[in-house]
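K.L.:
Numbering (my numbering), first residue to last: 21 to 577.
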Amino acid sequence: MTALTTPAVLEMRDLRVTYPGGIQAVRGVDLTVPAGQVLGLAGESGCGKSTLAMSVLRLLPKDADITGEILLDGEDTRTMMWGRLRAVRWASASVVFQGAMHALNPVRRVGHQIAEPMRLHATVDPARIPARVAELLAQVELPADKADAYPHELSGGQKQRVMIAMALACEPRLVIADEPTTALDVVVQAQVLTLLTRLVADHGISLVMISHDMSVLGSTCERVAVMYQGEIVELGAAHTVVTEPQHPHTKALVAAFPTIGDTESRYAPATTNPAGLPQRSTPTPGDVLLRTEALHVDFHRHGRHRGGVTHAVAGVDLEVRRGEIVALVGQSGSGKTTLARTVLGLQHPTSGRVVFDGTPVPHTSRGLRDYRRQVQLVLQDPASALNPRHSVYEAVAEGLRIHRVPGDERDQVAAALEAAELRPVERFMPVLPHQLSGGQRQRVVIAGALALNPRLLVADEPVASLDASVRGEILALLLRLRADLGLAALVITHDLGLAWNIADRVAVMYRGRLVEVGDVEQVLHEPRHEYTRSLLAALPAIARQDRDQPKTGTIVD
21 MTALTTPAVL EMRDLRVTYP GGIQAVRGVD LTVPAGQVLG LAGESGCGKS TLAMSVLRLL
81 PKDADITGEI LLDGEDTRTM MWGRLRAVRW ASASVVFQGA MHALNPVRRV GHQIAEPMRL
141 HATVDPARIP ARVAELLAQV ELPADKADAY PHELSGGQKQ RVMIAMALAC EPRLVIADEP
201 TTALDVVVQA QVLTLLTRLV ADHGISLVMI SHDMSVLGST CERVAVMYQG EIVELGAAHT
261 VVTEPQHPHT KALVAAFPTI GDTESRYAPA TTNPAGLPQR STPTPGDVLL RTEALHVDFH
321 RHGRHRGGVT HAVAGVDLEV RRGEIVALVG QSGSGKTTLA RTVLGLQHPT SGRVVFDGTP
381 VPHTSRGLRD YRRQVQLVLQ DPASALNPRH SVYEAVAEGL RIHRVPGDER DQVAAALEAA
441 ELRPVERFMP VLPHQLSGGQ RQRVVIAGAL ALNPRLLVAD EPVASLDASV RGEILALLLR
501 LRADLGLAAL VITHDLGLAW NIADRVAVMY RGRLVEVGDV EQVLHEPRHE YTRSLLAALP
561 AIARQDRDQP KTGTIVD
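#1: For M100, which three-state DSSP category applies?
#2: Taking H421 as part of the beta strand (DSSP E), name the residues at either end of that continuous run.
#3: Short of 7 Å in beta carbon distance, which residues of its chain neighbour G177, apart from the five on each side in sequence? Order them along the chain.
#4: So for P450, helix, strand or coil by DSSP?
#5: Does P402 come out as helix, strand or coil in the three-state DSSP assignment?
#6: Give, in chain order, every unbroken run of the alpha helix (DSSP H) that is at least 4 residues long and sits entirely within the segment 504 to 540.
#7: Along the chain, where does the beta strand (DSSP E) that runs through G335 open and close?
#8: If you drop the 5 nearest sequence neighbours on each side, which residues of the same chain put their C-beta closer than 6 Å to that of M247?
#9: Report the residue from A557, R443, V349 and I466 whose alpha carbon sits nearest the alpha carbon of G538.
#10: Could you tell me the alpha carbon to alpha carbon distance between V465 and L406, rounded to whole angstroms?
#11: Given a threshold of 16 other Cβ atoms within 10 Å of its Cβ, counted over all protein chains shown, does D233 qualify as buried or as exposed?
#12: Would A508 and A467 be called neighbours here (beta carbons separated by less than 9 Å)?
#13: Quick check on I43: buried or exposed, where buried means 16 or more other Cβ atoms within 10 Å of its Cβ?
#14: Identify every residue that forms a DSSP beta bridge with I345.
#15: Check for me: the beta strand (DSSP E) holding H316 runs from which residue to which?
#16: CB-CB under 6 Å to E31, same chain, minus the five flanking residues each way: which ones, in chain order?
#17: Determine the burial state of A106: buried for a count of at least 16 other Cβ atoms within 10 Å of its Cβ, exposed for fewer.
#18: Along the chain, where does the alpha helix (DSSP H) that runs through E441 open and close?
#19: In terms of alpha-carbon separation, which member of T358, F376, G378 and D377 lies closest to A370?
#20: What would DSSP say about T52, mapped onto helix, strand or coil?
#21: One question on the structure: do L80 and V37 come within less than 9 Å of each other, judged by their Cβ atoms?
#22: Between which residues of its own chain and P547 is the CB-CB distance below 7 Å, once the five residues before and five after are set aside?
#23: Would you mind stating whether E89 and D83 have Cβ atoms separated by less than 9 Å?
#24: Return the first residue and the last residue of the alpha helix (DSSP H) that L388 is part of.
#25: Bridge partners for A245 per DSSP, in chain order?
#26: Please report how far the alpha carbon of N473 lies from the alpha carbon of P163, in whole angstroms.
#27: Helix, strand or coil for G88 per DSSP?
#28: Do the segment 518 to 528 and the segment 491 to 502 make contact, defined as three or more Cβ pairs closer than 8 Å?
#29: In the structure shown, what three-state DSSP assignment does G296 receive?
#30: Using the DSSP secondary-structure output, state which residues sit across from D198 in a beta bridge.
#31: Count the CB pairs spanning the segment 224 to 242 and the segment 192 to 202 that are closer than 8 Å, and state whether there are at least three.
#32: A45 and G250: beta carbons closer than 9 Å?
#33: Near T574, which residues of its chain fall below 8 Å by C-beta distance, leaving aside the five closest residues on each side in sequence?
#34: First and last residue of the beta strand (DSSP E) that includes R373?
#35: I'd like to check one pair, L364 with R392: are the Cβ atoms closer than 9 Å?
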């Protein structure tokens, strides 16, 4: 008796993609996605995973040379006539793109954008399109009135749900989700992953999930394929690939996202830097360097909610000691970025005060300029933080010139680049940002901060936009800077794994308040507040050790 096999929705045979100049982005890939299965595609930027995914619907640049076979329901999309390919897009296979804010049209209401594929493909009677849009919004757990909203009026998670609704509009058999949870906070990430898993089960669609986060893939997918330098280097059951990786690259990806509660990853982010890691003994912090006292920041609402008040920061008392790393964690909208802006003097508090080294932070321009030499900001997105027309030298020297720091400028820039481990410094000085990798750009941003010899770094999501291995390199650099220079750091993040990796203490922020503050081991091992427990429960199962706590993503007051 012959066993029944699930038919393949997508099959790739000896797929190769070559860009001009002989760059082989995909090299001889064989891959099958059966109906109703979730396949994870893992790898770092440049490994070829997005090229592989975009080749399915021929969304690559025209100068890309594609050979092999790409069979969608048995039909080769590579050789389809344009009219047939146009009919297949959205209707047979669709894509959920990575940056929802960039993928959505900012001047069109989201309801019109969800309806657009249905109008183009005439899959729904025009009179029924508004009802179908409401059905799709309900499927992604959004109220029907969100159809009238513009993208900027939605949160990150809501925008991602709109992208998923668009992908489902024409009832495709295959959905390709390219990094659908990148930069989302842990609770919203869990909600989006749960939504995708439910849609696969309810509609029997096949899903290809692209990510560099192995814990996300391990908890969501049935199988995982790992790409490295254009090739599939490991393929198997998701749980096996994540818990028992065989290929060195797979092992590196798994190590980049630590398990909270794993003592081996405490003060030990994954790094291959020859400098290694500082001694893992728990550091002894010094006196209080930065302190906020009953800090309040209120914003008055305008427009439809005119006259209301948002309490972005509501009575926060927080301390950062000399040589200490404090992680400030919480969901988007919890107030942590507003708190950081107030600490830096970029936002005036409504009441309360910020005290640095025993002295209240001044409000005058000159006083703030002197203060900011000692407290430097490291931004989340290095590509946006750097002027694309300025060389590395100019980017690092800018702060020295603004603050009129005496001394030899070239020597100071060289010392900052050396501290940020951009070596040899002479090679990096004339380079432009687009010629650097993501990790190198983040090191340039850090070098610009270090050039002023600060005593405290305020790092806003410093690794959120970086690859898995680069993430570990930057976190290891922060630990070495603390060990070598005595730098203190306030790290703002929604990544609890980051806090476990490098922080001494963690402060959990919710609706403008600090609901829990303490040593990392105590807060993440034995959380006292329900909100902290909710954040931990929302982590992918593989990213946390089992604890006797509620496994719910519900957020409570």
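Don't be surprised by glycine CBs; every beta carbon is placed ideally from N, CA and C.
P.N.:
On the basis of the coordinates in this document:
#1: Translated into the one-based positions of the sequence shown, residue 100 becomes position 80. If DSSP states are grouped into helix, strand and coil, M100 belongs with coil.
#2: Counted from its first residue, the sequence shown places residue 421 at position 401. Per the sequence shown, residue 421 should be read as Arg rather than His. Segment V412 to I422 is the alpha helix (DSSP H) holding R421; no beta strand (DSSP E) there.
#3: For the purposes of this step, residue 177 is identified with residue 157 of the sequence shown, where counting begins at 1. For G177, where only same-chain residues beyond five positions count, the Cβ hits under 7 Å are L204, V208, Q211 and V212.
#4: Locating residue 450 in the sequence shown gives position 430, where the first residue counts as 1. Of the three classes helix, strand and coil, the one that applies to P450 here is coil, per DSSP.
#5: Position 382 of the sequence shown holds residue 402. Helix, per DSSP.
#6: Taken in chain order, the unbroken stretches of alpha helix (DSSP H) that lie wholly in the segment 504 to 540 and span 4 residues or more are 516 to 522.
#7: Along the sequence shown, read from residue 1 onward, the residue named residue 335 stands at position 315. First-last of the beta strand (DSSP E) with G335: V329 to R341.
#8: As a first step, residue 247 is located in the sequence shown; it is residue number 227 there, counting from the start. Hits under 6 Å: G63, C67, G68 and K69.
#9: Taking the sequence shown and counting its residues from 1, one reaches residue 538 at position 518. For the residues A557, R443, V349 and I466, the minimum Cα distance to G538 belongs to V349.
#10: Position 445 of the sequence shown, counting from 1, holds the residue named residue 465. Position 386 of the sequence shown, counting from 1, holds the residue named residue 406. Near 7 Å, if we compare the C-alpha coordinates of L406 and V465.
#11: In the sequence shown, residue 233 corresponds to position 213, counting from 1. Its Cβ being crowded by 16 or more others within 10 Å, D233 is buried.
#12: As a position in the sequence shown, residue 508 is number 488, starting the count at 1. As a position in the sequence shown, residue 467 is number 447, starting the count at 1. Contact flag unset, no.
#13: Counting from 1 along the sequence shown, the entry for residue 43 is found at position 23. So I43 ends up on the exposed side.
#14: By one-based count along the sequence shown, residue 345 stands at place 325. I345 is bridged to A509.
#15: The residue labelled residue 316 in the question sits at position 296 within the sequence shown. Segment V308 to H320, the beta strand (DSSP E) holding H316.
#16: Translated into positions along the sequence shown, residue 31 becomes position 11. Excluding residues within five positions, the ones whose Cβ falls inside 6 Å are T52 and L91.
#17: Reading the sequence shown from its first residue, position 86 is the one you call residue 106. Here residue 106 is Arg; the residue named in the question, Ala, does not match the sequence. Exposed, because fewer than 16 other Cβ atoms sit within 10 Å of the Cβ of R106.
#18: Residue numbering aside, residue 441 sits at position 421 when the sequence shown is read from its first letter. E441 -> no alpha helix (DSSP H), and no H or E assigned at all.
#19: Residue mapping note: residue 370 aligns to position 350 of the sequence shown, counting from 1. In the sequence as displayed, the identity of residue 370 is Thr instead of Ala. The shortest C-alpha separation from T370 is found at T358.
#20: Taking the first residue of the sequence shown as 1, we reach residue 52 at position 32. Three-state result, T52: strand.
#21: Indexing the sequence shown from 1 puts residue 80 at position 60. Indexing the sequence shown from 1 puts residue 37 at position 17. Yes, these two residues count as a Cβ contact at 9 Å.
#22: Within the sequence shown, residue 547 is the residue found at index 527, counting from 1. Result list for P547: E536, R553 and L556, in chain order.
#23: Position 69 of the sequence shown, counted from the start, is the residue given in the question as residue 89. Position 63 of the sequence shown, counted from the start, is the residue given in the question as residue 83. Taking 9 Å as the cut-off, the Cβ atoms of E89 and D83 do not count as close.
#24: Translated into positions along the sequence shown, residue 388 becomes position 368. Looking at the DSSP string, the run of the alpha helix (DSSP H) that includes L388 is S385 to Q394.
#25: On the sequence shown, residue 245 is found 225 positions in, with the first residue counted as 1. DSSP lists L61 and L255 as partners of A245.
#26: Here the question's residue 473 lines up with position 453 in the sequence shown. Here the question's residue 163 lines up with position 143 in the sequence shown. N473 and P163: Cα-Cα distance of roughly 51 Å.
#27: Numbered from its first residue, the sequence shown carries residue 88 at position 68. Strand.
#28: yes
#29: Indexing the sequence shown from 1 puts residue 296 at position 276. Looking at G296 - three-state DSSP - the assignment turns out to be coil, as it is neither helix nor strand.
#30: Numbered from its first residue, the sequence shown carries residue 198 at position 178. DSSP, once it has assigned bridges, lists I230 as partnering D198.
#31: At 8 Å Cβ cutoff, the stretches touch.
#32: For this step, residue 45 is matched to residue 25 along the sequence shown. For this step, residue 250 is matched to residue 230 along the sequence shown. Yes, the pair counts as a contact, with Cβ atoms nearer than the cut-off.
#33: Translated into positions along the sequence shown, residue 574 becomes position 554. Residue confidence is low: T574 scores 38 on pLDDT, short of 50, so the model does not pin down where it sits. Its coordinate-derived value is still stated next. Closer than 8 Å at the Cβ level, and outside the excluded window around T574, lie S554.
#34: Taking the first residue of the sequence shown as 1, we reach residue 373 at position 353. Residues S371 to F376.
#35: For this step, residue 392 is matched to residue 372 along the sequence shown. For this step, residue 364 is matched to residue 344 along the sequence shown. Taking 9 Å as the Cβ cut-off, R392 and L364 qualify as a contacting pair.
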